[in-house]
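Student:
There are 2 protein chains.
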Amino acid sequence: MSVVWERPEPSRRHRPLLDRPAIVAAAGALADAGGLDAVTLRGVAARLDVLPMRLYRHLDSRDDLLDLLADATCGEIALPAAGVGDWRARLRALAAATVLVARRHPWYVSLLGSRPPYGPHGLAYQEWLFAALDRPGLAVTELMHAADAFLGYLIGQLHLELLRVPAGATAHVPAPAQLSYLARAVAGGRHPTLARIFTEGRQLHATEAFEAGLEIVLDGIAARLT
Amino acid sequence: MSVVWERPEPSRRHRPLLDRPAIVAAAGALADAGGLDAVTLRGVAARLDVLPMRLYRHLDSRDDLLDLLADATCGEIALPAAGVGDWRARLRALAAATVLVARRHPWYVSLLGSRPPYGPHGLAYQEWLFAALDRPGLAVTELMHAADAFLGYLIGQLHLELLRVPAGATAHVPAPAQLSYLARAVAGGRHPTLARIFTEGRQLHATEAFEAGLEIVLDGIAARLT
DNA sequence: TCCTTATCGATACGCTGTATCAGTCACGGT
DNA sequence: ACCGTGACTGATACAGCGTATCGATAAGGA
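Protein chains in written order, with the working numbering: chain G, 47 to 272; chain L, 47 to 272.
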């Protein structure tokens, strides 16, 4: 039906303690502590010392809450100063700022991939990205394709990064059960290339993998932009 | 703890009607009908005409079920014949086969981005991908980076594709509420580049966007492989 | 001062994943 | 042939979830 960001908050005649920023902040704290599953309306309400149904004066549903949380977290991404450096440097800086927030709030990655980025901060982010790529005489289609490739890689790679750090494992230290299973599965001989990688290749550092892939994408964009 | 694919199914002394493939098939049917949310243990059990707790002889949790569903759906991806064409053609074919399945089962996209691809079909998929990129003398690191960029883009772009087809809208026909909201939000003047794209740029066809971005990534890989 | 209307607090419903436990059936050893 | 044993089933139960509903309440306008 309607869109969260166009629904006004109620005039607070009664009590000033509850507004959307407070609710979203509580939700974010819960997410940081226990992942998105921990963001329950009851949990948020309890953290604000309020009854659950009170939240429905500010939200229509839990989906609204997650939309607001996604946009608020997007707002945490510090957009670099516009217009400095060439487009490559600008895109690198944007990616770095995004990854920074995504590493601080792992749950944000799945929001990023599943919620339309149409909140105020999401729009600002997109505006910055398109402006960074834009140049006089560039066809709109080319612009969209380049932004698409960049965003697609960014979102996908962040997902992959989380997959490599399975639950219950500290960063860069895979869960031993999964690792030994992999060794066994690959040892069967039916996956020779995987086996080679598994034995020869050292574990990829997340940052290294991200940046290498990013350069690949930037190279591809460069080939199209000239 | 342990990994689903290494846990044996129980010896079926009593009844032959229930095994993992049947359970996963039921789960897939439910997902096709109502998305991942519709895949509940009670729903799967009802569809198999069985009491819910019976499933726990074959699974440890709902997470197991989703892991199995993800791998089974990965198995639907028809891996092209190995070794035909150059690496570019091979990667294009793999991407096309993947997108085909993802479009048939939209829910698969979020599984793809959130479940480790370590089931038998997932391993086969990765083996195919790495083998398609491999060549004599290529450093393992380069191989990993290229595969990483490809997979990252693939997963991210599929997510983006779903975001552009919001719930309640048929494919390529955005929900009108969201569209008119966007028009209003962009008209504020604070997003000039977005505004230009919104008015000048025609709606991107999903397939076109995907393929354009893929070529960008392939170009980038080519620049690194030589 | 009274009425209207927005807000609050509480209760309740249907749904979820899954722990528990008593009953039952099929098999293996003797 | 029998019977103990252990695997498997079916039923019930519990805590948690999102949220619909509704009477009580308190504030603002006349």
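Every residue gets a Cβ at the ideal spot worked out from N, C-alpha and C, and that includes glycine.
1. Since I believe A255(L) is in contact with H191(G) (beta carbons under 8 Å), could you give me their beta-carbon distance rounded to a whole number of angstroms?
2. Quick check: the segment 90-99 of chain L against the segment 129-137 of chain L, are at least 3 beta-carbon pairs closer than 8 Å?
3. So, does the segment 77-89 of chain L touch the segment 109-120 of chain L, judging by three or more C-beta pairs under 8 Å?
4. Does DSSP put G202(L) in a helix, in a strand, or in coil?
5. Classify T216(G): buried if its beta carbon has 16 or more other beta carbons within 10 angstroms, exposed otherwise.
6. Name the chain G residues whose beta carbon is nearer than 8 Å to that of H191(L)?
7. Output the residue ranges of the alpha helix (DSSP H) runs that lie fully inside the segment 107-132 of chain G and measure 4 residues or longer, sorted by chain position.
8. What residues from the segment 94-113 of chain L come within 8 Å of chain G, judged by C-beta to C-beta, listed N to C?
9. Just tell me which of Y154(G), L225(G), H237(G) has its CA closest to the CA of F176(L).
10. Starting from Y102(L), follow the alpha helix (DSSP H) in both directions and report where the run begins and ends.
11. Please return the same chain residues whose Cβ sits closer than 8 Å to the Cβ of G74(L), not counting the five positions on each side in sequence.
12. Within 8 Å (strictly less), CB to CB, does P182(L) reach chain G?
13. Just curious, the alpha helix (DSSP H) that D265(G) is in, first and last residue?
14. Cβ closer than 9 Å: which chain G residues qualify as neighbours of A123(L)?
15. Report back the beta-carbon spacing between L260(L) and F244(L) to the nearest angstrom; my notes put them in contact at under 8 Å.
16. Determine the burial state of R248(L): buried for a count of at least 16 other Cβ atoms within 10 Å of its Cβ, exposed for fewer.
17. Measuring CA to CA, which of R103(L), I262(L), I267(L), A233(L) is closest to T272(G)?
18. What's the C-alpha gap between E188(G) and L197(L)?
19. Kindly indicate which residue of L200(L), R210(L), V96(L), S156(L) has the alpha-carbon position closest to the one of E257(L).
20. Beta-carbon within less than 7 Å of G121(L)'s beta-carbon, same chain only, minus the 5 sequence neighbours each way: which residues are those?
21. Any C-beta of chain G sitting closer than 8 Å to the C-beta of I69(L)?
22. Just to confirm the assignment, what range does the alpha helix (DSSP H) spanning G89(G) have?
Tutor: By the coordinates alone:
1. The residue labelled residue 191(G) in the question sits at position 145 within the first sequence. The residue labelled residue 255(L) in the question sits at position 209 within the second sequence. So it is a contact: roughly 7 Å between Cβ atoms.
2. The segment 129-137 of chain L, when compared against the segment 90-99 of chain L, does not touch it at the 8 Å Cβ threshold.
3. Touching, per the Cβ criterion.
4. Locating residue 202(L) in the second sequence gives position 156, where the first residue counts as 1. Three-state result, G202(L): helix.
5. Locating residue 216(G) in the first sequence gives position 170, counting from the first residue. Because T216(G) sits at a pLDDT of 44, beneath the cut-off of 50, its placement in the model cannot be relied upon, and the point is left open.
6. Translated into positions along the second sequence, residue 191(L) becomes position 145. Within chain G, the residues near H191(L) are A255, A258, G259, I262.
7. Scanning the segment 107-132 of chain G for uninterrupted alpha helix (DSSP H) segments of 4 residues or longer gives 108-122, listed from N- to C-terminal end.
8. Shown here is that no member of the segment 94-113 of chain L has a Cβ falling below 8 Å from a Cβ of chain G.
9. In the second sequence, counting from the first residue as 1, residue 176(L) sits at position 130. Measuring from the Cα of F176(L), the nearest candidate turns out to be H237(G).
10. Walking along the second sequence from the start, residue 102(L) turns up at place 56. Looking at the DSSP string, Y102(L) is not in any alpha helix (DSSP H), and its letter there is neither H nor E.
11. For the purposes of this step, residue 74(L) is taken as residue 28 along the second sequence, with counting starting at 1. So the qualifying residues of the chain are L115, A118, T119, H151.
12. Locating residue 182(L) in the second sequence gives position 136, counting from the first residue. No, no contact with chain G.
13. Working through the first sequence from its first residue, we reach residue 265(G) at position 219. Where D265(G) is concerned, the enclosing alpha helix (DSSP H) starts and stops at 252-271.
14. Taking the first residue of the second sequence as 1, we reach residue 123(L) at position 77. The question names Ala, but residue 123(L) in the sequence shown is Ile. Correct list: empty, because the minimum Cβ distance to chain G is about 16 Å.
15. Working through the second sequence from its first residue, we reach residue 260(L) at position 214. Working through the second sequence from its first residue, we reach residue 244(L) at position 198. Actually they are not in contact, since the Cβ atoms of L260(L) and F244(L) sit about 25 Å apart, beyond 8 Å.
16. Residue 248(L) sits at position 202 when you count from the first residue of the second sequence. Exposed, since its Cβ has fewer than 16 Cβ neighbours within 10 Å.
17. On the first sequence, position 226 is the one that residue 272(G) refers to. Nearest in C-alpha terms to T272(G), of all of R103(L), I262(L), I267(L), A233(L), is I262(L).
18. Residue mapping note: residue 188(G) aligns to position 142 of the first sequence, counting from 1. Residue mapping note: residue 197(L) aligns to position 151 of the second sequence, counting from 1. So the two alpha carbons sit approximately 22 Å from each other.
19. In the second sequence, residue 257(L) corresponds to position 211, counting from 1. Looking at L200(L), R210(L), V96(L), S156(L), the one whose alpha-carbon comes closest to that of E257(L) is L200(L).
20. In the second sequence, the residue the question calls residue 121(L) occupies position 75. So the list reads H167, once near-sequence residues are dropped.
21. Here residue 69(L) refers to the residue found at position 23 of the second sequence. So no, I69(L) is outside the interface.
22. For the purposes of this step, residue 89(G) is taken as the residue at position 43 of the first sequence. Where G89(G) is concerned, the enclosing alpha helix (DSSP H) starts and stops at 87-93.
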